[in-house]
Every structure is written in C-alpha cells, then in structure tokens.
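Undergrad: Residue numbers (the numbering used here): 50 to 339.
Input: one structure, supplied below.
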Ligand SMILES: Cc1cc2nc3c(=O)[nH]c(=O)nc-3n(C[C@H](O)[C@H](O)[C@H](O)COP(=O)(O)O)c2cc1C
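Have a look at this one:
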C-alpha cells in the first residue's frame, strides 16, 4: 500500500473555514497542522525505524521549561503490551491495533537523581513542578503527532492512560517520580479512516483580542451547535445515564459537552470514575500537590 504523505492532499481547516490567507503563508507545516484529525483505525503496516526516529527527535526538539527536560517517552511496540495497555485505557481497541504507542510522562526522577548527584536537596516534587513536567510532556506529544502526520501517519492522543495510573506504571516499569500524562497511538490509517478535520468553535470564541470577551458567546455556541448537529458527529454517541432535557435531533456539541461536564464519570468516559482519585494517584507516583 502506498503510504505517501497523503495528508498534504487533505482539505485543511483553512479551506473548510474558507479563510483567505495568502498562499505564500500556507507553508507545508501549516498545511499539516491545519489538516489534523485524530485517527482511530489503523492498518497493520509497521513503522520503519527511521520513521520512528524522525518522530522521536521531533518530540525531543519541543521547548522545555528551563531546559529541565522533565519528561520521558516510553516507546511501546510489543503487541501483547499494547493489548494490555488497550485494556487499561478503557478497552480502546485501536491502541492494540496501532503498531506503536508512545507514552509521554511527567518525570522528576531524573531531576531527583541530578540533585542528589550534585549533593543538593531535592525539593521540587511540587504542584508547579508537576504542571511544568506535564506541559513539557504535552508539547513533546504534540511535536510527535505533527511529525507523524507530516509523514502520512495517523495518530490519536490517549488521555485515558490516567484511568489506571498504577497499572500503567507497573506495565511500563515507571520509577517513583514518573507519571504517565498521555499516550499517542501511531500508525498508517486504515482505508476510510480519514473523515476530514472536525469543526472547531468559531475563532472568536477561542481567540480574544487584547482582552477576554464573552460578549457573543451565545451566538458562537448556537452557530457551532448547528454545525455539529447537522454533521451528525455526535449521533449515536450520546452521553448516557443523564436525564435527557432535549429531543435527540437537538443533540449537538452543547448538550454533549454539558453532559460530559455534569459528573466526574461522564467527563472522563465510562471507565474513568477512577480519575476522581487522581490527586492521590499523582502523589503515589512521587509528586506533591502543594
Ligand atoms: C490530551 C488528550 C487526550 C485525548 N484522549 C483521547 C482518548 O483517550 N481516546 C480518544 O479516542 N481520543 C482522545 N483524544 C482525542 C480527542 O478526542 C480529539 O482530539 C478531539 O475530539 C478533537 O478531534 P480531532 O483531534 O480529530 O480534531 C485526546 C485528545 C487530547 C488532546
């Protein structure tokens, strides 16, 4: 199968939103970024070693707070381990199907080692450090995703690695001070897996000029809801177990999002009531939330 960089041929969000940006400013990088869509169905083609290396060096090139590099990446290719991980993340089958899963971890264990090596106390297992390390890990994930997409691969982040922090830590042999923030499943998209970029909220709802404004929020939500109801992206994916206030035909982003945020269990998906105990889990992994 030809796995050329077909991403470049995909319609970008610039085209979907009918933005007029002078062509000389729509670089290859911007075409890749604005063509992003999460892919959840993969064929069995493995990643060549150079492809994986190109993705990993891109990840490691992300900016990192104070150059602390407070993150680690676990590369999982073993099929049995991927199958176990797929189970731990709420039986998301595509995690087993994708030939590679990268797990991006907040990591202060290396910093702890360096402090001890240099005969200094280590006092950085704080909330600020956890946030810093999580941002580092997230930026590395996003760089890996963009690099992969530029090579014609598909990818999907997997936040559900936080469903079972302890099981994930044991499976990956994570030492104290290392917490799995998110995974990234990678592979070549199966036939028909690409459906096009998912519409986003209107720019004005997200991008504020000089100062925050929610003046037109209602119109913005209405416009986006109409788009999402019309394209049926939430059809058959209603959040269950919530008293319905509206007919199915009016179920769109607003109702889906409101139901997701109405209870801790619905926010994180069916398998993730566990994340209610995230603070304990993070502290059990060696970070202090203070
Ligand atoms: C931090 C993070 C965690 C995510 N976790 C999951 C996940 O566990 N399972 C999944 O199917 N998608 C996951 N996603 C993908 C989002 O659902 C997706 O990005 C969103 O619906 C927008 O769609 P798009 O990426 O196709 O534009 C995650 C995305 C992010 C940024």
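For each residue, glycine too, the CB sits at the ideal point set by N, CA and C.
If we ignore side chains and look at the alpha-carbon of each, how far apart do residue 278 and residue 68 end up?
TA: When rounded, the distance between both Cα atoms is 22 Å.
Undergrad: Return the CA-CA distance between residue 78 and residue 85, expressed in angstroms with no decimal places.
TA: About 11 Å.
Undergrad: Indicate, with yes or no, if ligand 1 has a heavy atom lying under 7 Å from the CB of residue 66.
TA: Residue 66 Cβ: outside cutoff for every heavy atom of ligand 1.
Undergrad: What are the uninterrupted segments assigned as alpha helix (DSSP H) that are 4 or more residues long and contained completely in the stretch 267-314, given in chain order?
TA: Correct list: 302-309.
Undergrad: Once you ignore the five residues that flank residue 300 on each side, which residues in its own chain have a CB closer than 8 Å to its CB?
TA: These residues qualify, in order along the chain: 278, 283, 284, 287.
Undergrad: For the stretch 239-251 against the stretch 155-174, do three or more pairs of beta-carbon atoms, one drawn from each stretch, fall closer than 8 Å, so that the two count as touching?
TA: No: the two stretches stay apart, fewer than three of their Cβ pairs being nearer than 8 Å.
Undergrad: What do you get for residue 261, buried or exposed, if any count of 16 or more other CB atoms within 10 angstroms of its CB means buried?
TA: Residue 261 is exposed by the Cβ-count criterion.
Undergrad: Given this structure, state the Cα-to-Cα distance separating residue 63 from residue 239, to the nearest angstrom.
TA: Cα to Cα, the separation comes out at about 25 Å.
Undergrad: Apart from the five residues just before and just after residue 303, which ones in its own chain have a Cβ nearer than 7 Å to its Cβ?
TA: Within the same chain, residue 303 has close Cβ partners 270, 274.
Undergrad: Thinking C-beta only, is residue 88 closer than 8 Å to residue 203?
TA: Yes, they are a contact pair.
Undergrad: Tell me where the beta strand (DSSP E) around residue 49 begins and ends.
TA: In the structure as shown, the chain begins at 50 and stops at 339. Residue 49 is therefore absent and cannot be evaluated.
Undergrad: Starting from residue 152, follow the beta strand (DSSP E) in both directions and report where the run begins and ends.
TA: 149-156 is the extent of the beta strand (DSSP E) around residue 152.
Undergrad: Let me check you understand the geometry: is the CB of residue 231 closer than 7 Å to at least one non-hydrogen atom of ligand 1?
TA: Yes, the Cβ of residue 231 comes within 7 Å of a heavy atom of ligand 1.
Undergrad: State the Cα-Cα distance for the pair residue 224 and residue 187, rounded to the nearest angstrom.
TA: Cα to Cα, the separation comes out at about 20 Å.
Undergrad: Exposed or buried, which one is residue 141 when buried takes at least 16 other CB atoms within 10 Å?
TA: With 16 or more other Cβ atoms within 10 Å, it is buried.
Undergrad: Can you tell me whether residue 127 is buried or exposed? The criterion is at least 16 other CB atoms within 10 Å of its CB, across all chains shown.
TA: Answer is exposed; the Cβ neighbour count stays below 16.
Undergrad: Please state if the CB of residue 228 and the CB of residue 334 are separated by a distance shorter than 8 Å.
TA: Yes, these two residues count as a Cβ contact at 8 Å.
Undergrad: Return the Cβ separation of residue 149 and residue 236 in integer angstroms, given the expectation that the two are a contact with Cβ distance under 8 Å.
TA: The Cβ separation is near 7 Å, so the contact holds.
Undergrad: Give every residue of the same chain whose Cβ lies closer than 8 Å to the Cβ of residue 184, excluding the five residues on either side of it in the sequence, and list them in chain order.
TA: Closer than 8 Å at Cβ, skipping near neighbours: 114.
Undergrad: Report whether the distance from the Cβ of residue 198 to the nearest heavy atom of ligand 1 is below 7 Å.
TA: Residue 198: no, Cβ never under 7 Å from ligand 1.
Undergrad: Should residue 89 be listed as close to ligand 1, given that the test is whether its C-beta is under 7 Å from any heavy atom?
TA: Result yes, Cβ under 7 Å from ligand 1.
Undergrad: Using a 10 Å radius around the Cβ and a threshold of 16 neighbouring Cβ atoms, would you call residue 116 buried or exposed?
TA: Burial call: exposed.
Undergrad: Cα separation between residue 123 and residue 65?
TA: About 35 Å.
Undergrad: Helix, strand or coil for residue 235, going by three-state DSSP, please let me know.
TA: Residue 235: strand per DSSP, three-state reduction.
Undergrad: Which residues in the same chain as residue 146 place their Cβ atom closer than 6 Å to its Cβ, once the five residues preceding and following it in sequence are excluded?
TA: Contacts found: 91.
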